Every structure is written in C-alpha cells, then in structure tokens.
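Structure first, commentary second.
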Amino acid sequence: MKNLIILLSICIISCTSVHDIQEEPRISISFASTLSNVQDTLFDVKYIKLETTDTCLLGTIGQIETFSDSLLLVLDINNSYLYAFNQKGKYLTHIGKKGEGPGEYIKLSSFFIDKQRNRIGLLDIGKQKVIFYQITDFSFQSEMDFPFETSCCTVSEEGYMLWNSTGYGSDRTGNAYFILTDSTGTILQTAVEKQFKSGYSLGDPRNVYTFQGKNYAYSPFNLSVWKIENDSIQKDVQFSLGNPSPPYSFLMEKSHGGQSCYFKALEESDYISYYTIREFTQYYSILYIVHNQRFIGFYNKHNQLSYLYELKQFQDMLKVGKMDYLSSGFFHEYCVSPLNVSDLLELKRQGYSFQKELEDLLHDASNEDNQILMCIRLK
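The sequence shown begins at 4 in the working numbering and counts up by one.
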C-alpha cells in the first residue's frame, strides 16, 4: 500500500509539473537610448470614429478586440460596460447588464474571446466570476467562479486558459504571476515566480494575450514576454530599453517589504515605472513611462530594426493632437490609441493642424462624442 501511494504521488506530480522551462530568451530586443528621427512614412495610420448614442456614452476605454471581419468589442472600464460596434464604428449594442443576478456583472476588469467555444468571457472582479456570453447573439451562457484572484485571461487554440494572478499570499497561486488552467478553471501549472509581492499592485492589469493560437504573458517589472504552454514555459522575448526596470532590492526598500505604497518613489526614480507590450505578425509595440514621461517604441520582426519616440514627439509627427495611452487589445494588425474628442477640439480651437483624415472626422464633432480610435501599424 505504501509503495502504491508513492507511485500515485509520483504520477500526480509528473502530470501537473512543467516538463521544460527555458529561462534564456528566444530573442533579445534592444531600443537605443537616443530617440529616433522623425519618420512618419514608417507607419500606416487609420481612424475609426465610434458612434455616440444616448445608450452608448463611453468613459475610459480599457480594452479593444475584434472578432472576424465584422465585430469590434470595446470595454469601458469607467462605466463597467462592454459595447459592441461594427468595424466601421457603428454602435450595435451592449453585452450583458449590471446587477447581481445570473448573467449580470458589477465591476468589469477585462474580457476575452474564446474562439473554440464561440463565446466571450467577461471578468467581473466585483462578483469574482467569469460571465460567458455567446459570440453570435450575446445571449447569457454560463458563469464560473474565479479559480483564484485575477484580473485577466486569454485562451489558446488548444483551449488552455492563461490567467494573471493578482493575489500576494504564500500559496501556490499567490507565488506566481501566471496560472494555466483547463476550461473548467482547474489549475494545470503556475509560471514565473513573484520575487516581489505587495498589496499595492502596479503594471498592466491586462498582461496576458494570445498570438497565433499560443498563450503569452508579461510580468510587471522585468520587461520579458513568456510563452506558456501545458508542457513548457519559454522566455520568448527580453526587452532592453534606455532605462532599466526596478530591481527587487529597490522595490523591497521603498515598499518596506511590500507593506507600503511605493508608487511615488518609483515614479521619481530612473527606473521604468510602467509598460505595456503588444505583439503583431510583423512587429512589437511597447509603451513605457519614466519620470512620468511616456515613450513609445516599435520593433520590426523582419529587419530587426527598432524605433523609439517620446510620445509627444510621436503624436506631433503623425499630427494627431494628443495621445494618452495604447489600449489593451488590437484592431487586426494595428495597435490602438483612443483619442479624446474634446481634447482634440480644444487643440483645433488653438490652431493645431491635424492630419487630413482626422481633421475631416472632427469637422462635425462635439465635446460629448465618443472617442476616435487611432489605429497604428508599423509598415
């Protein structure tokens, strides 16, 4: 009996452990410490003006995703609603509604599209549930309790669900940045150990994504992208920027061992305080902050050339007025920056000269209009 128990234990461990962990990155991407020269011909830019209606008045856009060639999903993280548009910006409907009943939500942090099961999953951090809706008619399908503390999820073509872990306890899920589960939420493996844990969370709250059917993730501090599968974990990309990411010792000191807020100290340091990464077939884009100054970079996968701009320099180069951030998600092969119409109209009154297509969209616009999506692609 004792031998049988040992044998069963070995089987359980072998079935739930990772067979291959590769710490060396597949590629390293370095951005020069000096800013790139103005080269607007490197970029393809187009705009989508989101329709404004009495039932669709957007706050801050936190995430954007497309489905097939017809559907554009937009998450309003201020008002906690998920809206559906067609891909020309015409408003269709909102998905689900607020409340505490079945199929209703309180506070949305993100959403994901499960193409294998033709459904949308909305993560409600208020109810600690994932709420599923059919992708075809947006009808309520089912609910699933969060398997652990999390704020985002993505699904691979094999059906594996990759989540971030926002907990900071000493258990298995609190010790890792990312957790892989099956479709029921059963944990298959954890990935990327948390060296620094604090109740004061920092970083992109939507830091997992699916690219070409595989699951990827990036942690808050070390500028690396991980490819996470059922039987392997691979550091896929290591980024190097003009400024370093904060070391563990700095974070521990400024947070008093994770017990105090360290945001101000990090913002005033020479370290990168925040970054987001987007991956596309031909390029990567990265936006990061140092000393409250924003930078945007692009890396061409084919010729291995990188381009780095101060965000203000980039927005003036493209004549778009004012960019604040890159939204989570994408519009096909484009990264997306939501442009606030009231800000643009104020710049127009001050005599700012916009790019022609954007100027035309602003001609009949009002301060109450929903955002214009600026879609940017490295050629």
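Idealized CB from N, CA, C, for every residue including glycine.
Only a predicted model underlies this, so the values are computations on that prediction, with no experimental measurement involved.
Other residues of its chain near L45: CB distance less than 7 Å, five sequence neighbours each side excluded: Y310, L381 and K382
What whole-angstrom Cβ distance do C264 and V211 have, given they're in contact under 8 Å? 25 Å between Cβ atoms; not a contact.
Grab me the residues of P28's own chain with a C-beta within less than 8 Å of its C-beta, minus the 5 sequence neighbours each way, in chain order. S227, K238, D239, V240 and Q241
Nearest to Y251 (by Cα), restricted to the options T169, G261 and S243: G261
So, using beta-carbon positions, are L126 and S113 closer together than 7 Å? yes
Thinking C-alpha only, which one of E371, Q316 and F266 is nearest N343? E371
For S276, I'd like the list of residues in its chain whose CB is within less than 6 Å of its CB, leaving aside the five on either flank, ordered along the chain. L269, E270 and I292
Do you know how far the Cα of D148 is from the Cα of I30? 37 Å
Quick one: grab the DSSP three-state call for K91. coil
Using a threshold of 7 Å, state whether the C-beta atoms of V339 and L376 are closer than that. yes
Could you tell me the boundaries of the alpha helix (DSSP H) in which Q318 lies? L314 to L321
Mapping the DSSP letters down to three states, classify Y291 as helix, strand or coil. strand
Own chain residues within Cβ distance below 6 Å of N373, not counting five before or after: L53, T55 and L61
Tell whether a beta-carbon distance below 7 Å holds between A87 and L78. no
For a test of the three-state rule: what should DSSP assign to F34, helix, strand or coil? coil
Classify C14 as helix, strand or coil using the three-state DSSP reduction. Confidence is the limiting factor: at C14 the pLDDT is only 38, short of 50, which leaves the residue's position unreliable, though a coordinate-based value still follows. In the structure shown, C14 sits in a helix (DSSP, three-state: H, G or I).
Provide the residue span of the alpha helix (DSSP H) that contains R175, from first to last. It is not in any alpha helix (DSSP H) - R175 carries neither H nor E in the DSSP assignment.
Would you mind reading off the limits of the beta strand (DSSP E) that contains F143? F143 to D148
F199 (DSSP reduced to helix, strand or coil): coil
Contact set for L314: own chain, Cβ-Cβ below 7 Å, skip 5 residues either direction: R297, F298, I299 and M326
Could you check if F266 is buried or exposed, using at least 16 other CB atoms within 10 Å of its CB as the buried criterion? exposed
For R122, which three-state DSSP category applies? strand
Can you check DSSP and say which residues form a bridge with R297? I292
DSSP three-state assignment for D346, whether helix, strand or coil: helix
In whole angstroms, what is the alpha-carbon distance linking F34 and L329? 19 Å
In its own chain, which residues sit with a C-beta less than 8 Å from the C-beta of D346, not counting the 5 before and 5 after it? G324 and K325
A268: first and last residue of the uninterrupted alpha helix (DSSP H) it sits in: F266 to E271
According to the neighbour-count rule (16 or more other Cβ atoms, all chains shown, within 10 Å of its Cβ), is T187 buried or exposed? exposed
Please look up how many angstroms separate the CB atoms of P208 and E146, rounded, as I've assumed it's under 8 Å. Wrong, their Cβ atoms sit about 21 Å apart, outside the cutoff.
Identified DSSP bridge partners for E360: None; E360 has no bridge partner.
Determine the direct distance from the alpha carbon of N218 to that of Q1, and round the result to whole angstroms. With the chain running from 4 to 382 in the structure shown, residue 1 is simply not present.
Report the residue from F334, W166, K257 and S272 whose alpha carbon sits nearest the alpha carbon of E282. F334
Could you pull out every residue in the same chain whose Cβ sits closer than 7 Å to the Cβ of I9, ignoring the five residues on either side in sequence? Residue confidence is low: I9 scores 38 on pLDDT, short of 50, so the model does not pin down where it sits. Its coordinate-derived value is still stated next. Same-chain partners within the cutoff: there are none.
Considering only the alpha carbon of each residue, which of Y84, V48, G245 and I24 lies closest to K359? V48
Give me the Cα-Cα distance between T176 and F214, rounded to the nearest whole angstrom. 24 Å
If you draw a straight line from the C-alpha of G162 to the C-alpha of T184, how long is it? 9 Å
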